[in-house]
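Each remark here refers to the structure printed beneath this line.
In UniProt numbering, the protein residues as written are 1 to 463.
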């Protein structure tokens, strides 16, 4: 392989590259390393394919039709938006060039460093900046004012204020170009929020791409752009989340919506969503009723949202993930964890939908552990020994304790023994067994999403 630098303007470099006897010219933009927060300003990024690969590098299934991808294994090469580790095409070219003709290709490995990193992966995507002509981008207020019946970025007509979260405001808007109603998520003007939202965009693009038929119950991303010092994420418009809808229904004294038949439908859809995410090596990390939105009340269709806290299994995993009431025991104890923390969260959610009450109320962590042990049984000694956070909650003899801040004395926790069947208040043995299976304290005994989908309760007919 022969490489020659053709030009470099500080932002892009033009390179002549020879692959297997074919001369290729390409222009490559400067890249940002995955996970790097070194974005001090936002500018338009023109994406130009800097990686050429033939279709053999994809896990393509001709029998699926319409260019479907065989998800027996996750995609290994992204078609023009991601590149990094040495791909099949590069390896084939090295093999083709490795002929014993005097060793002229001894510097091949050094040349490849221009394009590939064996340890780090890189990705690029285009961020559009929309601004008024002859105006600077600086705004008077850090918070973007929401004005109903106004138009944002010349396209989105604001019709309703939906609500706010820790780092965003959410409005309903009418897309003047497509004629459909959408959800507009306006990220607060803060660099940390901006970076986290870029991660969410990246993940939504990734999961949507390999689910073109929208069959995996994950929120659809329509658009994203930067405008008036704010990042905007445009998604499909859904209805209430499970928490809000159940609370509203309880407050008005309406008929019970979350019957076992509907809980079964929600469980199946959520497991299918998790099966898909986990196959792509993604852990959701924040599954809770607020992050499951209803798409159709009559058909009981739901979608999983908010990938802002999600991570790849290959990421450096941090201790502090998941909302406290839905946090898996291995996370609480500081053990290593994987995608099965999402299965635990789903078990908590289904129990809550059944009873209307949070299974593990958001009190102190030690109180949650006490309730967890009281309902589900003791924590395996192996987990206690491996947990980096275990000494915060257990004595050297593995008795649960907490420190009274007023008296500065250690107090032992007396466990209140109960059962999952008692808390679920359900007479359906198959349902109780299903939830109990999801709530196995030891993640090794907890099923994968694929295995949980085979549980007998999901085949029970409630017609």
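Backbone N, C-alpha and C fix where the C-beta goes; we use that ideal spot for every residue, glycine too.
Tell me the residue span of the beta strand (DSSP E) that contains residue i.
i, result
"residue 172", "168-175"
"residue 301", "301-304"
"residue 227", "221-227"
"residue 128", "128-130"
Please list the terminal residues of the continuous alpha helix (DSSP H) segment that includes residue i.
i, result
"residue 409", "Not the alpha helix (DSSP H): residue 409 falls in the beta strand (DSSP E), residues 409-412."
"residue 398", "It is not in any alpha helix (DSSP H) - residue 398 carries neither H nor E in the DSSP assignment."
"residue 368", "365-376"
"residue 331", "329-332"
"residue 216", "Note, residue 216: premise wrong, no alpha helix (DSSP H); not H, not E."
"residue 422", "420-424"
"residue 451", "449-452"
Could you have a look at residue i and say whether DSSP puts it in helix, strand or coil?
i, result
"residue 46", "Because residue 46 carries a pLDDT of 37, less than 50, the predicted location of this residue cannot be relied on, and no value is offered for it."
"residue 435", "helix"
"residue 201", "helix"
"residue 276", "helix"
"residue 101", "Residue placement at residue 101 is flagged as unreliable, the pLDDT there being 43, under the threshold of 50; the coordinate-derived value follows with that caveat. The answer is coil: DSSP assigns residue 101 none of H, G, I, E or B."
"residue 123", "strand"
"residue 285", "coil"
"residue 3", "With a pLDDT of 41 at residue 3, under the threshold of 50, the modelled position of that residue is not reliable, and no figure is offered here."
"residue 389", "coil"
"residue 245", "helix"
"residue 135", "coil"
"residue 193", "helix"
"residue 206", "helix"
"residue 318", "coil"
"residue 352", "helix"
"residue 144", "coil"
"residue 326", "helix"
"residue 52", "With a pLDDT of 34 at residue 52, under the threshold of 50, the predicted position of this residue should be treated as unreliable, though the coordinate-derived value follows. In the structure shown, residue 52 sits in coil (DSSP, three-state: anything other than H, G, I, E or B)."
"residue 14", "With a pLDDT of only 46 at residue 14, under the threshold of 50, the placement of this residue in the model should not be trusted; the figure read from the coordinates follows. Residue 14: strand per DSSP, three-state reduction."
"residue 298", "coil"
"residue 340", "helix"
"residue 251", "helix"
"residue 359", "coil"
"residue 458", "helix"
"residue 347", "helix"
"residue 444", "coil"
"residue 260", "helix"
"residue 384", "helix"
"residue 415", "coil"
"residue 270", "helix"
Please confirm whether residue i and residue j have their CB atoms less than 9 Å apart.
i, j, result
"residue 327", "residue 374", "no"
"residue 265", "residue 218", "no"
"residue 161", "residue 234", "no"
"residue 307", "residue 207", "yes"
"residue 192", "residue 167", "yes"
"residue 209", "residue 125", "no"
"residue 270", "residue 292", "yes"
"residue 260", "residue 354", "yes"
"residue 309", "residue 284", "yes"
"residue 172", "residue 159", "yes"
"residue 239", "residue 296", "yes"
"residue 144", "residue 186", "yes"
"residue 389", "residue 319", "yes"
"residue 222", "residue 236", "yes"
"residue 415", "residue 370", "yes"
"residue 393", "residue 333", "yes"
"residue 231", "residue 194", "yes"
"residue 421", "residue 432", "yes"
"residue 289", "residue 246", "yes"
"residue 227", "residue 146", "no"
"residue 457", "residue 426", "no"
"residue 505", "residue 443", "Residue 505 lies beyond the stretch modelled for the chain, which goes from 1 to 463, so this question has no answer here."
By DSSP's criteria, residue i is part of a beta bridge. Which residues make up the other side?
i, result
"residue 164", "169"
"residue 158", "173"
"residue 151", "157"
"residue 185", "170, 233"
"residue 293", "241, 303"
"residue 311", "283"
Please tell me whether, using a cut-off of 8 Å, the distance from the CB of residue i to the nearest non-hydrogen atom of the ligand ATP is below it.
i, result
"residue 352", "What this structure holds is no ligand at all, so the ligand ATP is not there to describe."
Would you check if the segment 335-342 and the segment 250-257 touch, i.e. whether three or more CB-CB distances between them fall below 8 Å? no
Touching by the beta-carbon criterion (3+ pairs, under 8 Å), the segment 341-352 and the segment 436-447: The segment 341-352, when compared against the segment 436-447, does touch it at the 8 Å Cβ threshold.
Quick check: the segment 400-409 against the segment 443-458, are there 3 or more CB pairs under 8 Å? no
Give a yes or no on contact between the segment 293-304 and the segment 356-373, applying the rule of three or more CB pairs nearer than 8 Å. no
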